[in-house]
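Engineer: Residue numbers (the working numbering): 4 to 214.
Using N, Cα and C, we set each Cβ at its ideal position, and we do this for glycine too.
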Ligand SMILES: C[S@@+](CC[C@H](N)C(=O)[O-])C[C@H]1O[C@@H](n2cnc3c(N)ncnc32)[C@H](O)[C@@H]1O
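1) When burial is assigned at 16 or more other CB atoms within 10 Å of the CB, is residue 39 buried or exposed?
2) Put residue 198 into one of helix, strand or coil per three-state DSSP.
3) Is DSSP giving residue 77 helix, strand or coil here?
4) When the Cα of residue 135 is compared with those of 165, 108, 115, 150, which residue comes out closest?
5) Less than 8 Å separating the beta-carbons of residue 211 and residue 184?
6) Between which two residues does the alpha helix (DSSP H) harbouring residue 166 extend?
7) For residue 289, verify whether its CB is less than 7 Å away from any heavy atom of ligand 1.
8) Please classify residue 132: is it buried, with 16 or more other beta-carbons within 10 angstroms of its beta-carbon, or exposed?
9) Can you tell me whether residue 151 is buried or exposed? The criterion is at least 16 other CB atoms within 10 Å of its CB, across all chains shown.
10) Using a Cβ-based criterion (distance less than 7 Å to any ligand heavy atom), does residue 271 qualify as near ligand 1?
11) Measure the alpha-carbon distance for residue 76 versus residue 28 and round it to whole angstroms.
12) Can we count residue 65 as close to ligand 1, meaning its CB is less than 7 Å from some heavy atom?
13) What did DSSP end up calling residue 1 once you bin it into helix, strand or coil?
14) Is the closest heavy atom of ligand 1 to the C-beta of residue 75 under 7 Å?
15) Which of the three DSSP states, helix, strand or coil, is assigned to residue 32?
16) The beta strand (DSSP E) that contains residue 97, what's its start and end?
17) Classify residue 111 as helix, strand or coil using the three-state DSSP reduction.
18) Mark residue 59 as exposed unless 16 or more other C-beta atoms lie within 10 angstroms of its C-beta, in which case mark it buried.
19) At a threshold of 7 Å, does residue 161 count as lining ligand 1 (C-beta to nearest heavy atom)?
20) Would you call the stretch 111-119 and the stretch 90-97 in contact, with 3 or more CB pairs under 8 Å?
Here is the structure:
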């Protein structure tokens, strides 16, 4: 294979400003994990293979609004912005203000909007940016360790904001999230990415078009 697991870890540092800019994305992510382990749920960011596999089914040409929950240090954002159309928007939501401050400094791209808030409020957050619905929502939230009821509220809010034909893309270290997705979504595809620390479950939950 010729690659080490470290080679698979995104390590983009260019353009970082602000209070968190003096340390690498890995160090920042690990420091915040030590401060908020249950909210972050992982000691290092996702691998490149997880990013490629998770985003592979996205139809970029038809995407106007792509929402990401829990972007952390922006591991997915780089690839999303590379693929996103010039007139589309990537809106990221994180409860950790350190990450939001870091990302605002990192991405000087007019298509990028970073909001400090909770995914539970995604409906109000996209409305405040002038959107009625999202084409895709991506989540790296640690659903199994979130406070009681938060996972259910996020799954319901996500289903409400997705357009018919849209999808909720979820990467998780356990299949716990299926119990939140199955009652709401019309179909769910799943896979397992071994080239991640730890190996990661991938779920694509689809909201069907009307008959
Ligand atoms: C596992 S980390 C995500 C890492 C990153 N997306 C990656 O691929 O490496 C989980 C993130 O979810 C954020 N988070 C936790 N609860 C949240 C919520 N209710 N709404 C939005 N973000 C949340 C945490 O602050 C953290 O940045």
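Structural biologist: In terms of the structure at hand:
1) Under the 10 Å beta carbon count, residue 39 is surrounded by fewer than 16 other beta carbons and is classified as exposed.
2) coil
3) Here residue 77 sits in coil by DSSP.
4) 165
5) no
6) It is not in any alpha helix (DSSP H) - residue 166 instead sits in the beta strand (DSSP E) that spans 165-175.
7) Nothing about residue 289 can be read from this structure; the chain reaches only from 4 to 214.
8) It is exposed - the Cβ of residue 132 has fewer than 16 other Cβ atoms within 10 Å.
9) exposed
10) The structure shown does not extend to residue 271, since the chain is modelled only from 4 through 214, so no value can be given for it.
11) About 6 Å.
12) no
13) No information on residue 1 is available, as it lies outside the stretch 4 to 214 that the chain covers here.
14) yes
15) helix
16) 92-97
17) coil
18) exposed
19) For ligand 1, not one heavy atom lies less than 7 Å from the Cβ of residue 161.
20) yes
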